[in-house]
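Residue numbers (this note's numbering): 84 to 236.
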């Protein structure tokens, strides 16, 4: 397939918004991941799982995947690691024998209670140079983009 000169000239990757979002996301994720790994021995998927279950009390792997947009393999690996560490417990799902409820163990809840304030502090540090109004507008824009992509707007 040949590319026309007009097509080549019209796309500057550095100005392409999806690319800019991806680069920024990767940079922030790398900082967060290195912090969580160094302080708590947690990967980003493991932390997301702990945080989302803490908000809901218990969830299935499928529910976690839908909520966090993580793929099945990532969720499965994170569950296995967290169960092995004793941070998550699996309970039989009476309504679906192929599925299990996942809940934080006492140790998992205690870890969440330590990590959550550190996560909020890291967020404050990363975004401290940006005025609160801009953060609010940016958050609203991200939510709007999510809705548009998911067909909810």
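A virtual CB, placed ideally from N, CA and C, is assigned to each residue, including glycine.
is_contact[residue i, chain B] using C-beta, thresh 8 Å
{"i": "residue 188", "result": "The structure shown contains no chain B; it is built from a single protein chain."}
Residue i, enclosing alpha helix (DSSP H) - first and last residue
{"i": "residue 173", "result": "Premise fails: residue 173 lies in the beta strand (DSSP E), 171-175, not in any alpha helix (DSSP H)."}
{"i": "residue 114", "result": "100-123"}
Nearest-angstrom Cα separation, counted from residue j out to residue i
{"i": "residue 171", "j": "residue 145", "result": "16 Å"}
{"i": "residue 112", "j": "residue 121", "result": "14 Å"}
{"i": "residue 108", "j": "residue 96", "result": "16 Å"}
{"i": "residue 230", "j": "residue 223", "result": "11 Å"}
{"i": "residue 136", "j": "residue 93", "result": "44 Å"}
{"i": "residue 139", "j": "residue 219", "result": "25 Å"}
{"i": "residue 163", "j": "residue 156", "result": "11 Å"}
{"i": "residue 53", "j": "residue 195", "result": "In the structure as shown, the chain begins at 84 and stops at 236. Residue 53 is therefore absent and cannot be evaluated."}
{"i": "residue 183", "j": "residue 132", "result": "15 Å"}
Reduced DSSP secondary structure (H/G/I, E/B, other) of residue i
{"i": "residue 212", "result": "coil"}
{"i": "residue 203", "result": "helix"}
{"i": "residue 231", "result": "helix"}
{"i": "residue 126", "result": "coil"}
Burial state of residue i, where buried means 16 or more other Cβ atoms lie within 10 Å
{"i": "residue 147", "result": "buried"}
{"i": "residue 161", "result": "buried"}
{"i": "residue 128", "result": "buried"}
{"i": "residue 232", "result": "exposed"}
{"i": "residue 114", "result": "exposed"}
{"i": "residue 197", "result": "exposed"}
{"i": "residue 106", "result": "exposed"}
(request) Only counting runs of 3 or more residues, tell me where the beta strand (DSSP E) segments fall wholly within the segment 138-189, in order along the chain. (result) 171-175 and 183-187
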